[in-house]
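Working notes, structure below.
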Amino acid sequence: MTVLTAGLMAVQGLGTALAGVAAEFFPVHQVVAYSGVAGTACTLLMVAEARRTRVRYRSARRG
Numbered sequence: 018m019t020v021l022t023a024g025l026m027a028v029q030g031l032g033t034a035l036a037g038v039a040a041e042f043f044p045v046h047q048v049v050a051y052s053g054v055a056g057t058a059c060t061l062l063m064v065a066e067a068r069r070t071r072v073r074y075r076s077a078r079r080g
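Its first residue numbered 18, the sequence shown is counted upward by one per residue in this note's numbering.
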């Protein structure tokens, strides 16, 4: 759990730093909008992967 929390905080810090760098070169409203799109895309990819690899409990009970 500690490693998970440390990794999460590191990725959040990296994302914030990258957004700050992007805001130096692009308008802030565009950076925020594209960050939202990127976050949504990553979430949808993770959901698709989780559904693809989930365990089928019904078939395990019958065996």
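Positions of the beta carbon are idealized from the N, C-alpha and C atoms, including for glycine.
| Whole-angstrom distance between A27 and Y51, CA atom to CA atom | 21 Å
| CB A39 to CB V48, shorter than 8 Å? | yes
| So what does DSSP say about F42, is it helix, strand or coil? | Shown here, F42 sits in a helix according to DSSP, grouped into three states.
| message | Using C-beta distances below 8 Å, list every residue in its chain close to G37, excluding the 5 sequence neighbours before and after it, in chain order. | response | none
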